[in-house]
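Trainee: Numbers in our numbering are just positions in the sequence shown, counted from 1, shifted up by 1139. For every residue, glycine included, the Cβ atom is placed at its ideal position computed from N, Cα and C.
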Amino acid sequence: MPLIHSELPSRIHVGRRLVARVGELLRADGHRGNRAVVLSGQSARRLYGNAVVSSLRGAGYQVTTLPLPSGEGAKDLAVAARIFQELAARRVDRSAVLIGLGGGVVTDLAGYVAANYLRGLSLAQVPTTLLAQVDASVGGKCALNVAPGKNNVGAIHHPCTVVVDPDTLSSLDDSRLAGGFAEAVKFGAVLSGAYLALLERDAEALLARVPVALDAIIEDALELKTRLLLRDLNDEGEQELLLFGHTLAGALEVLLFPEGPTHGEAVAIGISFAGHLAAVSGFADPLTGERLRELLRRFGLPTALPPVSAERVVAAMRYDKKVRDGRARFVLVRRPGWAEICDRIEPAAVLEALRRTQEEPLAPVRSVSAAFHPSPSKVVG
Ligand SMILES: NC(=O)c1ccc[n+]([C@@H]2O[C@H](COP(=O)([O-])OP(=O)(O)OC[C@H]3O[C@@H](n4cnc5c(N)ncnc54)[C@H](O)[C@@H]3O)[C@@H](O)[C@H]2O)c1
Ligand SMILES: [Zn+2]
């Protein structure tokens, strides 16, 4: 069972069947209190709640479980306020550990609550979607949505323990699994050409959920993200690069909520757009963007802008967190593994890139070959 980078404030455990060992891992990581509060989404609670709760009891915890509503709409101040009230009513004190069990919505909400309740509780994350396992559960960023923004009210609160169990992905439907591949493509584009090449080589195996392939891309993504975190733990610089594709993604999520794309799908469309923007602005070879779009399409992810006017999209992108002094800033990729923040992009280039994204082919129907069994190798670590 790999434990990645002990210099981080979080200890990250990756391995199969670890959901049944959460209590033991918390103790091994030094948590001493005797109270655990599990915040979980509906699916994760139904599928993995019992295993987590039994392991906590087995490690001597008194356990409280609090159900959360599902969906992006749960990342809401009113939902957080209800959890604060529940915690206070149950006299949860600062010796407790709060555990987020679920996808990125749950890990963000759990992080926000842990950061703010009594000015900070210990936090553990048990992510159960690929997107949350490779990205949302690690790094301490946690945010809620306050209209008209997205992820615009939050904190940085590092979990003491993160338990990533790839077995939990077996219950995820294909489209939700694909959302995690969008963030994985982001890591390859921004941080490592070798990781991108691994995704390209193993795309079929990943779609077929071959365990050795999935485990490798999860471990390597966590390695890439933790290396970045060690350089910018408090999100004051380089971490912004992980917002590649997220300028347009955030705008689409806000404009089209609740029928619009999921976060992972919106990120895929955002990466598609960012590739066009880099090409239109002369920042990168058009082939770089096309390579990313091709891989996203292989994962069954959308690369075309949904029907929404460019003017509305541009207006919504003004709420992006990267905006400084009113100036839009975009993460652009020059070549896989090399990204920069660009703040001198002409409005005409943005409109042309949106037009090209609108003309992208519609999402393909995916065919998966379950018989494909490659032997992936680690690219980092
Ligand atoms: N804090 C960060 O650094 C960070 C990074 C990336 C994304 N995010 C956030 O993550 C969120 C998206 O996360 P997501 O894609 O995991 O969506 P999600 O949390 O909404 O989960 C997707 C769906 O899958 C269900 N589910 C969860 N685990 C399951 C399982 N094992 N089996 C079956 N169903 C399961 C959930 O109940 C939900 O209906 C967004 O709000 C995004 O802003 C945060
Ligand atoms: Zn994201």
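(1) For His1152, name the three-state secondary structure that DSSP assigns.
(2) Just the C-alpha distance for Phe1383 and Ala1228, rounded to the nearest angstrom, thanks.
(3) Do you know how far the Cα of Asn1173 is from the Cα of Leu1395?
(4) Please name the residue or residues paired with Glu1521 in a DSSP beta bridge.
(5) What is the DSSP secondary structure of Ala1413, counted as helix, strand or coil?
(6) Could you tell me the distance, in whole angstroms, from the CA atom of Glu1392 to the CA atom of Pro1400?
(7) Ignore the nearest five residues each way along the sequence and tell me which others in Leu1216's own chain have a CB closer than 8 Å to its CB.
(8) In angstroms with no decimal places, state the Cα-to-Cα distance between Pro1350 and Val1273.
(9) State the DSSP-derived secondary structure class of Ser1179, mapped to helix, strand or coil.
(10) On the CB-based measure, 16 or more other CB atoms within 10 Å of its CB, does Gly1439 come out buried or exposed?
(11) Might you give, ordered along the chain, the residues of its own chain that have their beta carbon closer than 6 Å to the beta carbon of Pro1148, omitting 5 neighbours on each side?
(12) Do the stretch 1322 to 1340 and the stretch 1200 to 1209 meet, that is, are 3 or more Cβ pairs less than 8 Å apart?
(13) DSSP state of Leu1391, grouped into three classes?
(14) Identify whether Thr1300 lies in helix, strand or coil by the three-state DSSP scheme.
(15) Is the distance from the Cβ of Cys1299 to the Cβ of Gly1250 below 9 Å?
(16) To the nearest angstrom, how far is the alpha carbon of Gly1154 from that of Ala1190?
(17) Drop a sphere of 10 angstroms on the beta-carbon of Pro1446, count the other beta-carbons inside from all chains shown, and report buried for 16 or more, exposed for fewer.
(18) Within the present structure, is the beta-carbon of His1297 separated from the nearest heavy atom of ligand 1 by less than 8 Å?
(19) CB-CB under 7 Å to Ile1484, same chain, minus the five flanking residues each way: which ones, in chain order?
(20) Please identify the residue among Gln1224, Val1277, Ala1294 and Ile1357 whose C-alpha is closest to the C-alpha of Thr1307.
(21) For Ala1317, tell me which candidate among Ala1294, Leu1353 and Arg1340 has the shortest Cα-Cα distance.
(22) Could you check whether the Cβ of Val1252 sits closer than 8 Å to any heavy atom belonging to ligand 1?
(23) Rank Leu1311, Gly1210 and His1152 by C-alpha distance to the C-alpha of Ala1083 and give the top, closest one.
(24) Have a look at Val1507 and Ile1408 and give me their C-alpha separation to the nearest angstrom.
(25) Rounded to whole angstroms, what is the Cα-Cα separation between Asp1179 and Ile1410?
(26) So Ile1356 is in the beta strand (DSSP E); what residue range does that whole segment cover?
(27) Taking Cβ to Cβ, would you say Leu1493 is nearer than 9 Å to Ile1480?
(28) Using DSSP bridges, identify the partner residues of Leu1283.
(29) May I ask you to check if the CB of Tyr1187 is nearer than 8 Å to at least one heavy atom of ligand 1?
(30) What are the boundary residues of the beta strand (DSSP E) that includes Ala1227?
(31) In this structure, how does DSSP classify Ser1310 when only helix, strand and coil are distinguished?
(32) Spatial neighbours of Ala1321 within its chain, please: CB distance less than 6 Å, with the 5 preceding and 5 following residues excluded, ordered by chain position.
(33) Can you find the residues in the same chain that come closer than 6 Å, C-beta to C-beta, to Leu1387, ignoring five residues on each side of it along the sequence?
(34) Mapping DSSP to helix, strand and coil, what is Gly1197?
Mentor: Result, derived from the coordinates:
(1) Taking the first residue of the sequence shown as 1, we reach residue 1152 at position 13. Correct three-state label for His1152: strand.
(2) What you label residue 1383 is simply residue 244 of the sequence shown in a count that begins at 1. What you label residue 1228 is simply residue 89 of the sequence shown in a count that begins at 1. Near 41 Å, if we compare the C-alpha coordinates of Ala1228 and Phe1383.
(3) In the sequence shown, the residue the question calls residue 1395 occupies position 256. In the sequence shown, the residue the question calls residue 1173 occupies position 34. Approximately 43 Å between the Cα atoms of the pair.
(4) The displayed coordinates of the chain run from 1140 to 1520. Any statement about residue 1521 would go beyond what the structure contains.
(5) Along the sequence shown, one-based indexing puts residue 1413 at 274. Correct three-state label for Ala1413: helix.
(6) Residue mapping note: residue 1392 aligns to position 253 of the sequence shown, counting from 1. Residue mapping note: residue 1400 aligns to position 261 of the sequence shown, counting from 1. Spanning the two alpha carbons is a distance of roughly 7 Å.
(7) Taking the sequence shown and counting its residues from 1, the one referred to as residue 1216 is at position 77. Once the five neighbours on either side are set aside, the close Cβ partners of Leu1216 are Leu1283, Val1285 and Val1292.
(8) Here residue 1350 is taken as the residue at index 211 of the sequence shown, counted from 1. Here residue 1273 is taken as the residue at index 134 of the sequence shown, counted from 1. Straight-line Cα distance between these residues: approximately 15 Å.
(9) For the purposes of this step, residue 1179 is taken as residue 40 along the sequence shown, with counting starting at 1. Looking at Ser1179 - three-state DSSP - the assignment turns out to be strand.
(10) As a position in the sequence shown, residue 1439 is number 300, starting the count at 1. Buried: at least 16 other Cβ atoms inside 10 Å.
(11) Mapped onto the sequence shown, residue 1148 falls at position 9. Taken in chain order, the residues that qualify are His1297.
(12) no
(13) Taking the sequence shown and counting its residues from 1, the one referred to as residue 1391 is at position 252. Three-state result, Leu1391: helix.
(14) Numbered from 1 along the sequence shown, position 161 holds the residue referred to as residue 1300. Three-state DSSP puts Thr1300 in a strand.
(15) The residue you call residue 1299 lines up with position 160 of the sequence shown. The residue you call residue 1250 lines up with position 111 of the sequence shown. In this structure, Gly1250 does not lie closer than 9 Å to Cys1299 by Cβ.
(16) Counting from one through the sequence shown, the residue named residue 1154 turns up at place 15. Counting from one through the sequence shown, the residue named residue 1190 turns up at place 51. So the alpha carbons of these two residues sit roughly 15 Å apart.
(17) Locating residue 1446 in the sequence shown gives position 307, counting from the first residue. With fewer than 16 Cβ atoms within 10 Å of its Cβ, Pro1446 is classed as exposed.
(18) As a first step, residue 1297 must be located in the sequence shown, where it is residue number 158. Result no, Cβ not under 8 Å from ligand 1.
(19) In the sequence shown, counting from the first residue as 1, residue 1484 sits at position 345. For Ile1484, where only same-chain residues beyond five positions count, the Cβ hits under 7 Å are Leu1416, Ser1420, Ala1467 and Phe1469.
(20) Position 168 of the sequence shown, counting from 1, holds the residue named residue 1307. Thr1307 has its Cα closest to that of Ile1357, out of Gln1224, Val1277, Ala1294 and Ile1357.
(21) As a position in the sequence shown, residue 1317 is number 178, starting the count at 1. Comparing Cα-Cα distances from Ala1317 to each of Ala1294, Leu1353 and Arg1340, the minimum goes to Leu1353.
(22) The residue you call residue 1252 lines up with position 113 of the sequence shown. No, since every heavy atom of ligand 1 falls outside the 8 Å radius drawn around the Cβ of Val1252.
(23) With the chain covering only 1140 through 1520, there is no way to say anything about residue 1083.
(24) In the sequence shown, the residue the question calls residue 1507 occupies position 368. In the sequence shown, the residue the question calls residue 1408 occupies position 269. Per-residue confidence for Val1507 stands at a pLDDT of 40, beneath the threshold of 50, marking its modelled position as unreliable; the derived number appears in the next sentence. When rounded, the distance between both Cα atoms is 22 Å.
(25) Translated into the one-based positions of the sequence shown, residue 1179 becomes position 40. Translated into the one-based positions of the sequence shown, residue 1410 becomes position 271. Checking the displayed sequence, the identity of residue 1179 turns out to be Ser instead of Asp. If I take the Cα positions, the gap works out to 30 Å.
(26) For this step, residue 1356 is matched to residue 217 along the sequence shown. No beta strand (DSSP E) holds Ile1356; the alpha helix (DSSP H) holding it covers Pro1350 to Arg1370.
(27) If you number the sequence shown from 1, residue 1493 lands on position 354. If you number the sequence shown from 1, residue 1480 lands on position 341. No, the pair does not count as a contact, with Cβ atoms beyond the cut-off.
(28) Taking the first residue of the sequence shown as position 1, residue 1283 is located at position 144. Note: Leu1283 sits in a beta bridge opposite Val1292.
(29) As a working mapping, residue 1187 is identified with position 48 in the sequence shown. Yes - ligand 1 has a heavy atom lying nearer than 8 Å to the Cβ of Tyr1187.
(30) For this step, residue 1227 is matched to residue 88 along the sequence shown. From DSSP, Ala1227 is part of no beta strand (DSSP E) but of the alpha helix (DSSP H) over Leu1216 to Ala1228.
(31) Here the question's residue 1310 lines up with position 171 in the sequence shown. DSSP places Ser1310 in helix when its eight states are reduced to three.
(32) Your numbering for residue 1321 matches position 182 in the sequence shown. Answer for Ala1321: Gly1403, Val1406, Ala1407 and Leu1440, listed in chain order.
(33) For the purposes of this step, residue 1387 is identified with residue 248 of the sequence shown, where counting begins at 1. Gly1409 and Phe1412.
(34) Position 58 of the sequence shown, counting from 1, holds the residue named residue 1197. Three-state result, Gly1197: helix.
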